[in-house]
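Engineer: Just dropping this structure here.
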Amino acid sequence: MHVINDSDAYPSEREAVQRLAPQPCTIRDTGLTDSFLGELVCKHLHDAGVLDMTRLVERLALTGAVLEEVLAFLRKDGRVEVLGQLGQTGVQTLRYGLTERGRSSARDALARSGYIGAAPFPVSTYRSLIKIQTIHHGRITAKDMHQALAGLVLSQGMLDQLGVALNSGRAIMIYGPAGTGKTYVSSRLIRLFAEAIWVPHAIVINESVIEIYDPQVHQRLDDNGQANNLMLNEGIDRRLLCCKRPIVITGGELSMEQLDVRYDPFTRQYQAALQLKASNGLFIIDDMGRQRMAPAELLNRWIVPMEEKRDFINLGGGRHCELPFDLVLVFSTNLNPLELADEAFLRRIGYKVQFGYLKPEEYERIWRQECERLGIPYDPLLVRYVLQRLYAGEGMPLVPCHPRDLLNMALDRQRYLGGSGPLLPQELEWAWHNYFVQLDFL
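Per our numbering, residue 4 is the first one in the sequence shown, and the count goes up by one each step.
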């Protein structure tokens, strides 16, 4: 984990978030109604039974002052009662539980929405938050590209092309043969955006709560809860979590349903669209053209967001919500881009970056890197044998993923036979013939 420090975010952005989302001190400051917060507190009490103020603060990510106001409202309405208990120090602590009226209210609330979590962030403020934290800040330089992609075997021209494309704010299409490093390189582009951002637990659109924070997507920047304490001291709303910029990678399993808010009738909860989770980060659509829907259908989904930098979220029942479309959208494909879309659509994407086969000297550099990674000696004679005898002999193109795969397979065989020491040409030949499809029987 990572402890937040001033270098994690640009000061102007941190200050802007501080001004936009200070710690709320009253119900009005939260942007939510007393009835909405009252029902959420009732659902938490229904779930846990009895809670004291400390636990309520943890569960709802609100200050004690706000929760005292909500509890006073619920007590006056006859839905919550106060229960006393002696703590371990002998000090009387107040605990809160539901009355019969409160339990009935909680059941009604749960029938409408199954969400039980931190108090959501109002969507109107969330729109401003996305804009403040834009990933299209245009600060990437050639030096940044070299540092972020250090160790990768890429030409200067490709590095510059990727850097300019990222600064442009436009979508990027990466294309080329399989195994040429498209997914690996594109997934490392997030290193160029090291500043911290703030992500809400959830947002609320009218009465619909949509969870935004996803631990599988958002990496918290805290150490045993230190981030929350620091944010509290700085006065940033505790409904926001400090995270690294997200990266979402999806491939052939992508469906159109995942690109819109989905309602689960069993849990009675809304699930955020993938691009919503990727806001202020990277969204990589890998294996473009391998999805279950037609490529044109998937590409057409992005026309309005790419051109107008806004997306329309469908909540069902004819309800829609407009949100900023702030992310780096990357399409990656092994297919010919002209087979996926016409030239008119490809012009909208903007940058097309082609990944190709390696030159022999580039292949040798990758081979050396893999030897270092595997902790085995680098033998220039062995790699020369592989290039001249195997690749040239069979007319096979040089692909970046081959050194890793061939070396690992040769080591697998060596371990199986109980051998050790430097790899031999015959071990690489064995790996070669097991790695590539042999069609001698045809």
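Heads up, the beta-carbon is just placed ideally off N, CA and C, and yes, glycines get one too.
By Cβ distance, which residues of its chain are closer than 7 angstroms to Ala230, with the 5 residues on each side in sequence left out?
Structural biologist: Taking the first residue of the sequence shown as position 1, residue 230 is located at position 227. Low per-residue confidence applies at Ala230: pLDDT is 44, beneath 50, and the placement is therefore not dependable enough to give any value.
Engineer: Could you check what DSSP says for Lys79 in three-state terms: helix, strand or coil?
Structural biologist: Locating residue 79 in the sequence shown gives position 76, counting from the first residue. Note: Lys79 maps to helix in three-state DSSP.
Engineer: Quick check: the Cα distance between Arg293 and Leu341, rounded to an integer number of angstroms?
Structural biologist: For the purposes of this step, residue 293 is identified with residue 290 of the sequence shown, where counting begins at 1. For the purposes of this step, residue 341 is identified with residue 338 of the sequence shown, where counting begins at 1. Cα to Cα, the separation comes out at about 15 angstroms.
Engineer: Which whole-angstrom value describes the C-beta separation of Ile369 and Ser335, a residue pair presumed to lie in contact below a C-beta threshold of 8 angstroms?
Structural biologist: On the sequence shown, position 366 is the one that residue 369 refers to. On the sequence shown, position 332 is the one that residue 335 refers to. At roughly 20 angstroms, the Cβ-Cβ gap does not stay under 8 angstroms, so Ile369 and Ser335 are not in contact.
Engineer: Could you tell me whether the stretch 304-318 touches the stretch 256-274, where touching means 3 or more Cβ pairs closer than 8 angstroms?
Structural biologist: Touching, yes.
Engineer: If we count the other Cβ atoms within 10 Å of its Cβ and call it buried at 16 or more, is Glu71 buried or exposed?
Structural biologist: Here residue 71 refers to the residue found at position 68 of the sequence shown. So Glu71 counts as exposed.
Engineer: What number of angstroms, rounded off, separates the C-alpha of Leu215 from the C-alpha of Leu390?
Structural biologist: As a first step, residue 215 is located in the sequence shown; it is residue number 212 there, counting from the start. As a first step, residue 390 is located in the sequence shown; it is residue number 387 there, counting from the start. According to the sequence provided, residue 215 is Ile. The question's Leu does not apply to it. Those two C-alpha atoms are separated by around 49 angstroms.
Engineer: Can you tell which of Ser108, Glu432, Leu302 has the C-alpha that lies nearest to the C-alpha of Arg392?
Structural biologist: Residue numbering aside, residue 392 sits at position 389 when the sequence shown is read from its first letter. Ranking the options by Cα distance to Arg392, first place goes to Glu432.
Engineer: If you reduce the DSSP assignment to three classes, tell me which class Arg22 lands in.
Structural biologist: For the purposes of this step, residue 22 is taken as residue 19 along the sequence shown, with counting starting at 1. Three-state DSSP puts Arg22 in a helix.
Engineer: Using C-beta distances below 7 angstroms, list every residue in its chain close to Met412, excluding the 5 sequence neighbours before and after it, in chain order.
Structural biologist: As a working mapping, residue 412 is identified with position 409 in the sequence shown. Closer than 7 angstroms at Cβ, skipping near neighbours: Ala434, Asn437, Tyr438.
Engineer: Excluding the 5 residues preceding and the 5 following His323 in the sequence, name in chain order all residues of the same chain whose CB lies nearer than 8 angstroms to its CB.
Structural biologist: Position 320 of the sequence shown, counted from the first residue, corresponds to residue 323. Cβ within range, chain order: Phe315, Ile316, Asn317.
Engineer: What residues match up with Asp267 in a beta bridge as DSSP calls it?
Structural biologist: Translated into positions along the sequence shown, residue 267 becomes position 264. Note: Asp267 sits in a beta bridge opposite Gln272.
Engineer: Measuring CB to CB, does Tyr129 end up less than 9 angstroms from Ser211?
Structural biologist: Position 126 of the sequence shown, counted from the start, is the residue given in the question as residue 129. Position 208 of the sequence shown, counted from the start, is the residue given in the question as residue 211. No, these two residues do not count as a Cβ contact at 9 angstroms.
Engineer: Compare the Cα-Cα distances from Phe348 to each of Glu84, Tyr366, Ile175, Pro218 and report the closest residue.
Structural biologist: By one-based count along the sequence shown, residue 348 stands at place 345. When each option's Cα is compared against that of Phe348, the closest is Ile175.
Engineer: Using only CA atoms, which one of Leu377, Val402, Asp382 lies nearest to Asp415?
Structural biologist: For this step, residue 415 is matched to residue 412 along the sequence shown. Of the listed residues, the one whose Cα sits closest to Asp415 is Leu377.
Engineer: Does the stretch 371-388 touch the stretch 324-334, meaning 3 or more C-beta pairs lie closer than 8 angstroms?
Structural biologist: Counting Cβ pairs under 8 angstroms, fewer than three are found: no touch.
Engineer: Tell me the DSSP bridge mates of Val333?
Structural biologist: Sequence index remark: in the sequence shown, residue 333 carries index 330 (1-based). Ile175, Ile287.
Engineer: Smallest Cα separation from Lys362: which of Arg387, Leu343, Arg351?
Structural biologist: The sequence position of residue 362 within the sequence shown is 359, counting from 1. Answer by Cα proximity: Arg387.
Engineer: What do you reckon, are the CB atoms on Val83 and Leu48 nearer than 9 angstroms?
Structural biologist: For the purposes of this step, residue 83 is taken as residue 80 along the sequence shown, with counting starting at 1. For the purposes of this step, residue 48 is taken as residue 45 along the sequence shown, with counting starting at 1. Yes. Within cutoff.
Engineer: Give me the residue from Ala122, Asn170, Ser158, Pro123 with the minimum Cα distance to Ile138.
Structural biologist: Your numbering for residue 138 matches position 135 in the sequence shown. Closest by alpha carbon: Asn170.
Engineer: Would the C-beta of Leu152 count as close to the ligand HEM, meaning under 8 angstroms from any of its heavy atoms?
Structural biologist: Within the structure as shown, the ligand HEM is missing, as the structure has no ligands at all.
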